[in-house]
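*Asks:* Numbering-wise (my numbering), the sequence shown opens with residue 361 and increments by one. Backbone N, C-alpha and C define an ideal beta-carbon position, used for all residues, glycine too. I'd like to ask you about the structure that follows.
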Amino acid sequence: MTLHSTWATRLVAVGAIALAGIAPTGVAAAAATGPATPGVEALAGPGYRSTATTVDYDCLVTFPGGSATMPYSLTFTVTAPTSVAPYGIFGIAFDPPAITPNPAFQSDVRGVELQFRLPANATLLGHVLHGGSNLGGSTPTVERRGNVLVLKAPGPFQANAPFELPTLAVGLLAGSGGVLLSSTGGTGVDNPSFRWTRNSVSPGDPPGTLRPLLCEPPAPVTFSTTAIG
Numbered sequence: 361m362t363l364h365s366t367w368a369t370r371l372v373a374v375g376a377i378a379l380a381g382i383a384p385t386g387v388a389a390a391a392a393t394g395p396a397t398p399g400v401e402a403l404a405g406p407g408y409r410s411t412a413t414t415v416d417y418d419c420l421v422t423f424p425g426g427s428a429t430m431p432y433s434l435t436f437t438v439t440a441p442t443s444v445a446p447y448g449i450f451g452i453a454f455d456p457p458a459i460t461p462n463p464a465f466q467s468d469v470r471g472v473e474l475q476f477r478l479p480a481n482a483t484l485l486g487h488v489l490h491g492g493s494n495l496g497g498s499t500p501t502v503e504r505r506g507n508v509l510v511l512k513a514p515g516p517f518q519a520n521a522p523f524e525l526p527t528l529a530v531g532l533l534a535g536s537g538g539v540l541l542s543s544t545g546g547t548g549v550d551n552p553s554f555r556w557t558r559n560s561v562s563p564g565d566p567p568g569t570l571r572p573l574l575c576e577p578p579a580p581v582t583f584s585t586t587a588i589g
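Structure (structure tokens):
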């Protein structure tokens with residue numbers, strides 16, 4: 361799923377939000393579980409823009425006899441307003457890309473995590489998940505760590521088959537002033553912005569050997585910028 365500025369504006373809340381309003385034209389919307397979230401409705405309104413941002417990660421991989429760092433890139437589509445009034449309610453949507461695990465390194469991957477850092481000068485009102493594809497019965501969840509939200513999917517996801525994690529939409533309350541920045545959420549390979557565990561097919565690994573992929577960009581990458589005022 362890709363988010364566009366032409367979203368329909370209708371959102372249905374019956375205990376949980378059905379995010380029909382953030383499905384692009386021609387794509388069926390799926391119900392999302394989560395709290396009724398002020399600010400998410402605005403994602404379909406004027407003043408919002410969608411930006412594609414590529415994150416170039418350095419990823420630590422291990423194999424029999426050692427480890428190495430390899431590059432990996434993911435391009436996210438993030439939707440946020442250009443500006444918001446002081447103490448105004450607004451939303452940000454983080455749309456991950458489809459990912460295809462490379463069969464040269466793994467037979468499947470599991471424990472997929474993506475970290476998103478929310479603006480420091482805003483208060484989180486709630487979040488919802490919408491969409492995703494080829495999740496194979498895996499139910500994604502969100503964990504909050506301060507002003508970082510971690511999108512998790514247990515998997516497993518088979519190699520050479522694309523899967524897409526759901527869009528994470530958040531409702532926020534702006535502070536009194538400044539600039540509202542969202543970005544990658546990790547701090548290093550001990551707390552990475554992107555990770556999974558691979559079912560290794562490296563030579564020398566017995567079947568069923570699980571090894572981590574731990575990915576962090578050289579510096580935090582900004583996803584969205586919103587001015588207060």
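Measuring alpha carbon to alpha carbon, tell me which residue in Arg470, Cys419, Thr413 and Val421 is nearest aspartate 455.
*Replies:* Taking the sequence shown and counting its residues from 1, the one referred to as residue 455 is at position 95. Measuring from the Cα of aspartate 455, the nearest candidate turns out to be Thr413.
*Asks:* DSSP beta-bridge partners for tyrosine 447?
*Replies:* Within the sequence shown, residue 447 is the residue found at index 87, counting from 1. Partner(s): none; tyrosine 447 has no beta bridge.
*Asks:* Which whole runs of the alpha helix (DSSP H) in the segment 523-553 are 4 residues long or more, in chain order?
*Replies:* Here no run is fully enclosed.
*Asks:* What are the residues that DSSP puts in a beta bridge with aspartate 455?
*Replies:* Residue mapping note: residue 455 aligns to position 95 of the sequence shown, counting from 1. Answer is Thr437.
*Asks:* Taking 7 Å as the limit between beta carbons, can you name the residues of its chain near serine 427, skipping five residues before and five after?
*Replies:* For the purposes of this step, residue 427 is taken as the residue at position 67 of the sequence shown. Correct list, in chain order: Leu420 and Val421.
*Asks:* Output the distance between the C-alpha atoms of serine 559 and valine 469, rounded to the nearest integer angstrom.
*Replies:* Position 199 of the sequence shown holds residue 559. Position 109 of the sequence shown holds residue 469. Reading off the sequence, residue 559 comes out as asparagine, not serine. Their Cα atoms are separated by approximately 6 Å.
*Asks:* With DSSP as the reference, identify every bridge partner of valine 415, one or two as the case may be.
*Replies:* On the sequence shown, position 55 is the one that residue 415 refers to. DSSP lists Leu434 as partners of valine 415.
*Asks:* Considering only residues of the segment 446-515, which uninterrupted alpha helix (DSSP H) runs meet the minimum length of 4 residues and lie entirely inside it, listed in chain order?
*Replies:* Runs of the alpha helix (DSSP H) inside the segment 446-515: none found.
*Asks:* Are leucine 434 and phenylalanine 583 touching if we call contact CB-CB under 8 Å?
*Replies:* Mapped onto the sequence shown, residue 434 falls at position 74. Mapped onto the sequence shown, residue 583 falls at position 223. It is not a contact, given that the beta carbons lie outside the stated cut-off.
*Asks:* Whose C-alpha, out of Val400, Leu573, Ile449 and Ala440, is nearest the C-alpha of threonine 432?
*Replies:* Translated into positions along the sequence shown, residue 432 becomes position 72. Per the sequence shown, the amino acid found at residue 432 is tyrosine instead of threonine. Tyrosine 432 has its Cα closest to that of Leu573, out of Val400, Leu573, Ile449 and Ala440.
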